[in-house]
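Visitor: Quick one: structure below, then a few questions.
Numbering (the numbering used here), first residue to last: 1 to 90.
Here it is, written out as structure tokens:
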């Protein structure tokens, strides 16, 4: 595998991660599915669970975006390295 091919694969993976970060919120089933509208302790527990789920989804979305950006940066650097190798060979 050539460096340019590896850079393309890293860039594609980064794009996929970045796209995933924008769709993480779609996974949230909503508070009602967890019985957050129930009275008493069960409702309290469901609301706490939904809050934790929402917090986790937001955090995973941010992490996914950050990792996608890192992969894109790595792909860019790898392309520069490949270009420098080509110049050195000439």
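Every residue gets a Cβ at the ideal spot worked out from N, C-alpha and C, and that includes glycine. These numbers were taken from a predicted model, which means no experiment stands behind them.
Kindly confirm or deny that the stretch 34–45 and the stretch 16–26 touch, where touching means at least three C-beta pairs closer than 8 Å.
Guide: no
Visitor: Using the three-state DSSP reduction, which class does residue 24 fall into: helix, strand or coil?
Guide: helix
Visitor: Cα separation between residue 32 and residue 8?
Guide: 43 Å
Visitor: Taking 8 Å as the cut-off, decide whether the C-beta atoms of residue 10 and residue 81 are in contact.
Guide: no
Visitor: Where does residue 88 sit, in a helix, a strand or coil, going by DSSP?
Guide: helix
Visitor: Report yes if the C-beta distance between residue 18 and residue 68 is below 8 Å; otherwise report no.
Guide: The beta carbons of residue 18 and residue 68 sit closer together than 8 Å.
Visitor: My understanding is that residue 59 touches residue 50, with C-beta atoms under 8 Å, so please give their C-beta distance in whole angstroms.
Guide: With 8 Å as the limit, residue 59 and residue 50 do not qualify as a contact, their Cβ atoms being about 15 Å apart.
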